[in-house]
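This report refers to the structure that appears directly beneath it.
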Amino acid sequence: MNKINWKIRFTKKNKAFVTRVFVAVFIPILTYYGLKVNDITSWNVLFDLMAKAFSNPFILVMSIFNFINIIPDPTTSGFGDSEQALGYDTVKDDKDKENTEKQTETEKGE
Numbered sequence: 262m263n264k265i266n267w268k269i270r271f272t273k274k275n276k277a278f279v280t281r282v283f284v285a286v287f288i289p290i291l292t293y294y295g296l297k298v299n300d301i302t303s304w305n306v307l308f309d310l311m312a313k314a315f316s317n318p319f320i321l322v323m324s325i326f327n328f329i330n331i332i333p334d335p336t337t338s339g340f341g342d343s344e345q346a347l348g349y350d351t352v353k354d355d356k357d358k359e360n361t362e363k364q365t366e367t368e369k370g371e
């Protein structure tokens, strides 16, 4: 797991990854206890639920497996990030993607 660009994964610009982590960890807890998101009506309810989840080995292991399952980049082989992704300092936005695609098309045409 040392060949993963963690600083890019957990940034404000990478809301998709942060959301996937939240869902991967929190939804199994809600499902196991038969709850819905709207059942979490106070901080006490949330903290009690998390305490129950962390004291339950099954839920803890399932949450860890779910977290590990979203780490690999499906566009690369293996578990780590590509050399290109390891070099990123910021998350690419749509304009960056368009410029990269145009540059790739130009290079193919040459």
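Add 261 to a position in the sequence shown, counting from 1, and you land on the number used in the working numbering.
The beta-carbon is built from N, C-alpha and C at its ideal position, and this holds for glycine as well.
Return yes when the Cβ of residue j is within less than 7 Å of the Cβ of residue i, no when it is not.
i	j	result
A285	F328	yes
N266	L347	yes
I269	V352	yes
S316	P289	no
Let me make sure I understand the geometry here. Which of the options has the alpha-carbon closest to that of residue i?
i	options	result
K264	Y349, D342 and T351	D342
R281	L291, Y349 and I332	I332
K313	Y293, K297 and S303	Y293
G295	F283, N305, L310 and W304	L310
Which of the three DSSP states, helix, strand or coil, is assigned to residue i?
i	result
P289	helix
P318	helix
Q324	Residue identity differs from the one stated: residue 324 is Ser in this sequence, not Gln. S324 falls in the helix class under three-state DSSP.
V352	coil
D309	helix
I331	helix
N299	helix
F283	helix
K273	coil
K264	coil
By Cβ distance below 8 Å, which residues in the same chain neighbour residue i in space, the five residues on each side in sequence not counted?
i	result
N330	A285
M337	It should be noted that the sequence gives Thr, not Met, for residue 337. Around T337: S343 and A346.
I'd like the list of long-range same chain contacts for residue i, defined as Cβ closer than 7 Å, with 5 residues on each side in sequence excluded.
i	result
V279	F271
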